[in-house]
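Chains as they are written, first to last, in my numbering: chain F, 21 to 142; chain Z, 51 to 229.
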């Protein structure tokens, strides 16, 4: 199977880096609110594009972060930095986040402030 | 939700969150009976009687981050809109079974969406679980499992875009041949 060989060669590189703290970590909120607003497309885009653009990253799912009004939301953690949550991340926004925030650390619009204690904890 | 595939994705994510190891999805699209059945069965934590009764209440959620849970209520609403039936069975420690019977001949019945694409997304997001998809039409049934797929792929990870595309096309081709 040609596909298999092709793909396996490429990923062996990535799998070897077993230092997750050095990778960019992206969490996509995939609860009902996220799914209904297109989080699946956002997540697929992030997985594919980060790979294509040679950025070492792990993209995972998370539940609802409580910002249902701003779905799809994603949380990005750059190595050694505090996590940042972005709201209304469609494919276009995701592209901007990769190009600006992930690549250069420059903030983009759409950040949800970090004082995100839920009502229950206050 | 815009289509059946999105509902399927959403309900299956519930199963994942309930700690299921094997999630079985069964879809039955019948021209003859004009019904579309979506059956999602898991072996996760399950719900006790009290929780089960509240599960389709939008102002209830088993999660603690917020007090609203819309996944099941939305599905129930969309089924009910078509004059269909919605059933929920669950037992603590055994798992949960969600059954939605849509009436396809009703104007409000949702389009199907890309079932194969949603299934592959689930599979690649949660490769550690076991997934089965059975698609039944009047003339026959197509079944595929994560185990079979893993055997074909060898150790190739499922999240690679080419692999996902290949699998989605393969499943779609097989569904298309059903009559």
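Ideal Cβ placement from N, Cα and C applies to all residues, glycine included. Remember, it's a predicted structure, so these values are computed and weren't measured experimentally.
- In the assembly as shown, residue 190 of chain Z is an exposed residue. Its beta-carbon has fewer than 16 other beta-carbons within 10 Å.
- Boundaries of the alpha helix (DSSP H) harbouring residue 175 of chain Z: 165-175, taken from the DSSP string.
- Ranked by Cα distance from residue 107 of chain F, the first of F/69, F/99, F/68 and F/50 is F/50.
- Boundaries of the alpha helix (DSSP H) harbouring residue 121 of chain Z: 121-131, taken from the DSSP string.
- Look at the stretch 63-84 of chain F: the residues with a C-beta under 9 Å from a C-beta of chain Z are 63, 64, 67, 68, 71, 72, 79, 80, 81, 83 and 84.
- For residue 80 of chain F, the uninterrupted beta strand (DSSP E) run begins and ends at 77-82, by DSSP.
- Considering only beta carbons, the part of the stretch 193-225 of chain Z lying closer than 9 Å to chain F consists of 202, 203, 204, 205, 206, 207, 209, 210, 211, 212, 213, 214 and 216, in chain order.
- For residue 76 of chain Z, no CB of chain F lies under 8 Å from its own CB, so it is not counted at the interface with that chain.
- Between the alpha carbons of residue 89 of chain F and residue 22 of chain F lies a gap of roughly 44 Å.
- Judged by their CB atoms, residue 221 of chain Z and residue 169 of chain Z are nearer to each other than the 8 Å cut-off.
- Nearest in C-alpha terms to residue 146 of chain Z, of all of Z/67, Z/228, Z/213 and Z/229, is Z/67.
- Excluding five sequence positions before and after residue 60 of chain Z, the CB atoms of its chain that fall closer than 6 Å to its own CB belong to 121, given in chain order.
- Closer than 8 Å to the CB of residue 112 of chain Z there is not a single CB belonging to chain F.
- With distances taken between CA atoms, residue 161 of chain Z lies nearest to Z/129 out of Z/96, Z/205, Z/224 and Z/129.
- In the three-state reduction of the DSSP assignment, residue 57 of chain Z falls in the helix class, which pools H, G and I.
- Contact between the stretch 92-109 of chain F and the stretch 121-134 of chain F is present: three or more C-beta pairs spanning the two stretches fall below 8 Å.
- Counting only unbroken stretches of 3 or more residues, the beta strand (DSSP E) elements lying wholly within the stretch 38-112 of chain F are 44-49, 77-82, 94-97 and 104-106, in sequence order.
- Of the residues assessed, residue 100 of chain F falls on the exposed side of the cut-off, its CB having fewer than 16 other CB atoms within 10 angstroms.
- Beyond the five residues adjoining it in sequence on each side, residue 54 of chain F comes within less than 8 Å, by CB distance, of 48, 84, 91, 92 and 93 in the same chain, given in chain order.
- Out of Z/212, Z/78, Z/62 and Z/104, the CA that lies nearest to the CA of residue 71 of chain Z is found in Z/62.
- By the neighbour-count criterion, in which a residue is buried when 16 or more other Cβ atoms sit within 10 angstroms of its Cβ, residue 70 of chain F is buried.
- When DSSP states are grouped into helix, strand and coil, residue 90 of chain Z belongs to the strand group.
- Just so you know, the alpha carbons of residue 76 of chain F and residue 113 of chain F end up roughly 19 Å apart.
- For residue 82 of chain Z, the three-state secondary structure derived from DSSP is coil.
- Rounded to whole angstroms, the gap between the alpha carbons of residue 144 of chain Z and residue 95 of chain Z is 7 Å.
- With a threshold of 8 Å between beta carbons, residue 55 of chain F makes contact with chain Z.
- Between the alpha carbons of residue 198 of chain Z and residue 180 of chain Z lies a distance of about 10 Å.
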